[in-house]
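Going line by line, the protein sequences match chains A and B.
Following our numbering, the numbering of the first sequence begins with 444 at its first residue and continues without gaps.
Following our numbering, the numbering of the second sequence begins with 444 at its first residue and continues without gaps.
The structure appears below as structure tokens.
2 protein chains.
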Amino acid sequence: MEDSDSKPTRKSASAKSRRVPQVPRKRSQPAAVTIRDVAERSGFSSATVSIVLNNAPLARYIPDTTKGRIQRAASHLGYRPNLFARSLRGRRSQTVGVMVFDMTDPYCTLVLRGIENTLYQSSFLPILTDVHNERSRFERYLEMLLDRRIEGLVVLANWLFVDINVLADLEKNNIPTATVGRDLNNENISSVIVDNAAGAYAAMDHLHSLGHRKIAFIRGPRGLTDTEPRWRGVRTLAHERDLELDSRLIVDLPESGDPFSSFEQGYKLTEELLRRNRAFTALMAFDDMTAFGAIRALNKNGIRVPDQCSVIGFDDVAPAALYSPALTTIRQPMELMGTTAATIVLEAINSGFEKKSAPTIHRKIIPELIVRESTRQLK
Amino acid sequence: MEDSDSKPTRKSASAKSRRVPQVPRKRSQPAAVTIRDVAERSGFSSATVSIVLNNAPLARYIPDTTKGRIQRAASHLGYRPNLFARSLRGRRSQTVGVMVFDMTDPYCTLVLRGIENTLYQSSFLPILTDVHNERSRFERYLEMLLDRRIEGLVVLANWLFVDINVLADLEKNNIPTATVGRDLNNENISSVIVDNAAGAYAAMDHLHSLGHRKIAFIRGPRGLTDTEPRWRGVRTLAHERDLELDSRLIVDLPESGDPFSSFEQGYKLTEELLRRNRAFTALMAFDDMTAFGAIRALNKNGIRVPDQCSVIGFDDVAPAALYSPALTTIRQPMELMGTTAATIVLEAINSGFEKKSAPTIHRKIIPELIVRESTRQLK
DNA sequence: TCCCGAAGTTCGATTTAAATG
DNA sequence: GCATTTAAATCGAACTTCGGG
């Protein structure tokens, strides 16, 4: 029942002559099995092997006995096609670039997992790059990714220095791209963002419904695109409920690229608020990191959270659930956002393969209020 | 001063005939510039171009004028070599696989950054895989990575199911591998771990020097290799200081693959300790996640940290510094560990390229006590 | 004409052996 | 032989074309 040499015809003879005799490979590598080895062992040509193994259209005509023989030969030899050869010919890399602006940001983790998981389903692999918020690094990495012929790119855009121009190369190269966390307003670059206004509205609604009227705010830095819509959400609710916003209870985070700094700034700005001596019963922080800093400052000044002051964040980064007290916050569904961005890119890749052009998609996801322990009914 | 057609000799004529006339590419892709385009424009053959651009040994003989012409032509056309072609020939991918067992673990972030940063210096790119603690996924990813001819592998080994056998394929394929966070005791797989005994010793020393004598312990799960040495460190110090360890103040984390569960278990086990009604003034948790859970439980039961009970963790994950109170802990220098592992792998790759065989390296790093706010002198 | 399979070309860069003056 | 350059082989898979039954 051996599956070799059952066809000792002209074919195997010609197959033998196709190469310089048996020059054993010099490398200490385990002598990779090539398609020709499979061809030889199965008694068919490499073309037939390729067609069968890829189940190409032509495979229709090939009888099952042939297919079986080839498949058995392949698996017996442990054949694995050389992806370099395949990619060289077919111009596909089965690879997607992932660009993060600061890996250290807790925001990244779950988004990355969503991306990874989605790519995995489609047998794509991610190349991870972290540009450390440096422009030169961004450019270098972009080049490296293009050199590797990534088929798509997902950008985790929690950063400041972007102008639209930076991604021009991508358009030139026709690489489907999606950003997470920031909309570039570019007609060729898809985006997945959270509805910041709705989130902030929900946060305010929560505080308001708990009876809070004197609310302090730490707003985001002006440079961030998230800042304006979140504040808009706050104002919308305030207006609806005839709530007055006391400008002496409003402070702004300074610009910064570093997630840890928003913690420190949250701390400092909260102390600043306390110094102003205007009473407040709740504090709404720009994001969770800021909220952590704020809670720390409140605690330091003998103010218990939530007993004496409620605090609400935004994002629901992983530590929020671990905090003591656990942080009430607005959840950005980060894993979903990663999944969505990756899906958009994958679909664009596929449709590009079928010559349709994929539409640019801008998805705005409604965030969810997560009530934990850092907010409480005003007594 | 144009650098084309200054050599209209036989060469350029032969170069013209080497290909079917100008068949414009059908693809909408931006018609990649190949080495032959550079050859044509500069008036030399592709062989010469390759030699010059790679500064190959033979480039010694090539006059500077030629080099200049070729380089100018290349940069003028914006030539970027096709890495697939190059890799196919040269069998190098400039890629390292990174395998994480659970991306969600806060332990990962900084290690990843260390790896990324180190690879970046050497123009390597990481392919990131997350096996979600599933064996099947591990195997699938390993195959995919091997298919892509990764030149090395870094494994972030914060998991349970490993037996030494799982990495056998790597040995077969001669791929330099290093693990972070766990020593496989395999003579071909390098490792970078922290000195758990020293760390636990330092933690105990800290508590002891603050005057604590009644200390509760949440030990690690038996299945983890970290568990035993940490406990050994505790016992060593206890023995040195004639400190008695009360077995009623010792509990063990159950097995689990999920980092979040150690938080929950930390919570539950602390409540369990409290129910036992044996007084303790300090608690040493297996790791930071456990410590967070413990602090939460203490707070819930009206016990203030550190006023009424000191708590110390292990790892120094990012949230530890943000916590309120900020967590005193033993820092694993995670970024350094990532850097170290990546460096080991890169060096093995290079020495493999020069036919030397690289030694397997087992590095044990001394962790550092980070005193923050969760521990305090016993009054 | 239909079915089956092989021969040969292509992808783009590197490298060896060889040719030229 | 020396300096300079190149034709041709190679890497491994995929695809196009063609021929035989």
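Glycine included, C-beta positions come from ideal geometry on N, C-alpha and C.
Bear in mind that the values here come from a model prediction, so they are computed numbers and not experimental data.
Interface flag, residue i vs chain A, CB-CB below 8 angstroms
{"i": "ILE755 of chain B", "result": "no"}
{"i": "ALA784 of chain B", "result": "no"}
{"i": "ARG468 of chain B", "result": "Residue confidence for ARG468 of chain B is low, a pLDDT of 33 falling below 50, so the modelled location carries little weight; the figure read from the coordinates is stated next. ARG468 of chain B does not count as touching chain A."}
{"i": "LEU571 of chain B", "result": "yes"}
{"i": "ARG691 of chain B", "result": "no"}
{"i": "LEU555 of chain B", "result": "yes"}
{"i": "ARG568 of chain B", "result": "The amino acid occupying residue 568 of chain B in the given sequence is Leu; Arg does not appear at that position. LEU568 of chain B counts as touching chain A."}
For residue j and residue i, the rounded distance between their alpha carbons
{"i": "LYS807 of chain B", "j": "LEU696 of chain B", "result": "25 angstroms"}
{"i": "THR733 of chain B", "j": "ARG739 of chain B", "result": "10 angstroms"}
{"i": "GLU586 of chain B", "j": "THR622 of chain B", "result": "18 angstroms"}
{"i": "ILE792 of chain B", "j": "ILE558 of chain B", "result": "15 angstroms"}
{"i": "VAL481 of chain A", "j": "ASP626 of chain A", "result": "50 angstroms"}
{"i": "VAL541 of chain A", "j": "ASP573 of chain A", "result": "8 angstroms"}
{"i": "ALA499 of chain B", "j": "GLY486 of chain B", "result": "19 angstroms"}
{"i": "ALA737 of chain B", "j": "ALA681 of chain A", "result": "39 angstroms"}
{"i": "LEU588 of chain B", "j": "ARG656 of chain A", "result": "57 angstroms"}
{"i": "SER471 of chain A", "j": "ARG532 of chain B", "result": "Legend: pLDDT at SER471 of chain A = 47, less than 50; position of this residue unreliable, value from coordinates given subsequently. Roughly 16 angstroms separates the two Cα atoms."}
{"i": "GLU515 of chain B", "j": "ARG484 of chain B", "result": "The sequence shown places Arg at residue 515 of chain B, not Glu. So the two alpha carbons sit approximately 10 angstroms from each other."}
{"i": "LEU555 of chain A", "j": "PRO702 of chain A", "result": "17 angstroms"}
{"i": "PHE729 of chain B", "j": "ALA640 of chain B", "result": "12 angstroms"}
{"i": "LEU568 of chain B", "j": "ALA784 of chain A", "result": "22 angstroms"}
{"i": "PRO506 of chain B", "j": "ILE494 of chain B", "result": "12 angstroms"}
{"i": "VAL635 of chain B", "j": "GLN564 of chain B", "result": "20 angstroms"}
{"i": "GLU790 of chain B", "j": "PHE706 of chain A", "result": "38 angstroms"}
{"i": "VAL466 of chain B", "j": "ARG535 of chain A", "result": "Low per-residue confidence applies at VAL466 of chain B: pLDDT is 32, beneath 50, and the placement is therefore not dependable, though the value from the model is reported in the following sentence. Each residue's alpha carbon lies about 22 angstroms from the other."}
{"i": "PHE723 of chain B", "j": "SER704 of chain B", "result": "24 angstroms"}
{"i": "VAL597 of chain A", "j": "ASP731 of chain A", "result": "24 angstroms"}
{"i": "GLY423 of chain B", "j": "ARG747 of chain B", "result": "Outside the shown range of chain B (444 to 822) lies residue 423 of chain B, about which nothing can therefore be said."}
Beta-carbon contacts of residue i that lie in its chain and below 6 angstroms, excluding the five residues immediately before and after
{"i": "PRO464 of chain A", "result": "Bear in mind that a pLDDT of 33 at PRO464 of chain A, under 50, signals an unreliable position, so the model cannot answer this."}
{"i": "ILE804 of chain A", "result": "SER633, ILE787"}
{"i": "VAL543 of chain B", "result": "CYS551, ASP573, LEU599"}
{"i": "LYS822 of chain B", "result": "none"}
{"i": "ARG673 of chain A", "result": "ASN639, ALA643"}
{"i": "ASP545 of chain A", "result": "ASN576"}
Among the options, nearest to residue i - alpha-carbon criterion
{"i": "SER699 of chain B", "options": "B:LEU692, B:GLN708, B:ILE693", "result": "B:GLN708"}
{"i": "GLY756 of chain B", "options": "B:PRO810, B:THR803, B:HIS805", "result": "B:PRO810"}
{"i": "MET777 of chain B", "options": "B:LYS657, B:PRO672, B:GLY624", "result": "B:GLY624"}
{"i": "ASP648 of chain A", "options": "A:ASN616, A:LEU686, A:ASP669, A:ILE636", "result": "A:LEU686"}
{"i": "ARG529 of chain A", "options": "A:ARG592, A:ARG721, A:THR508", "result": "A:ARG592"}
{"i": "MET780 of chain B", "options": "B:LEU496, B:LEU688, B:ASP638, B:LEU821", "result": "B:ASP638"}
{"i": "ASN742 of chain A", "options": "A:SER767, A:TYR563, A:THR491", "result": "A:SER767"}
{"i": "GLY521 of chain A", "options": "A:LEU568, A:ARG673, A:LEU496", "result": "A:LEU496"}
{"i": "SER489 of chain A", "options": "A:GLU816, A:PHE581, A:ALA517", "result": "A:ALA517"}
{"i": "GLU582 of chain B", "options": "B:GLY595, B:VAL609, B:ILE570", "result": "B:VAL609"}
{"i": "SER566 of chain B", "options": "B:HIS575, B:GLU671, B:ASN576, B:GLU594", "result": "B:GLU594"}
{"i": "ASP689 of chain B", "options": "B:ARG721, B:GLY676, B:ASP590", "result": "B:ARG721"}
Beta carbon proximity, residue i to chain B, threshold 8 angstroms
{"i": "ASP590 of chain A", "result": "yes"}
{"i": "ASP730 of chain A", "result": "no"}
{"i": "SER493 of chain A", "result": "no"}
{"i": "PRO549 of chain A", "result": "yes"}
{"i": "TYR644 of chain A", "result": "no"}
{"i": "SER705 of chain A", "result": "no"}
{"i": "VAL814 of chain A", "result": "no"}
{"i": "THR724 of chain A", "result": "no"}
{"i": "ILE738 of chain A", "result": "yes"}
{"i": "ASN629 of chain A", "result": "no"}
Own chain partners of residue i with C-beta closer than 8 angstroms, once the 5 adjacent residues on each side are dropped
{"i": "ARG819 of chain A", "result": "LEU653, PRO749, ASP750, SER753"}
{"i": "THR782 of chain B", "result": "GLY557, ILE558, ASN560, THR561"}
{"i": "ARG719 of chain A", "result": "ARG691, LEU692"}
{"i": "GLY795 of chain B", "result": "ASN617, PRO619, ALA801"}
{"i": "ILE773 of chain B", "result": "GLY642, ALA643, ALA645, ALA646, ILE755, GLY756, PHE757, ASP758, ASP759, PRO810, GLU811, LEU812, ILE813"}
{"i": "THR679 of chain B", "result": "ALA640, TYR644"}
Neighbourhood of residue i by C-beta, 7 angstroms cutoff - its chain only, sequence neighbours within 5 removed
{"i": "LEU830 of chain A", "result": "One cannot answer for residue 830 of chain A here, as it falls past the ends of chain A, which runs 444 to 822."}
{"i": "GLU630 of chain B", "result": "THR803"}
*Does the pairing of the region 541–553 of chain B with the region 744–763 of chain B give three or more beta-carbon distances under 8 angstroms?*
yes
*Would you call the region 656–670 of chain B and the region 712–725 of chain B in contact, with 3 or more CB pairs under 8 angstroms?*
yes
*Per the contact definition of three or more C-beta pairs closer than 8 angstroms, is the region 519–528 of chain B in contact with the region 476–496 of chain B?*
Between the region 476–496 of chain B and the region 519–528 of chain B, the count of C-beta pairs closer than 8 angstroms reaches three or more; the two stretches touch.
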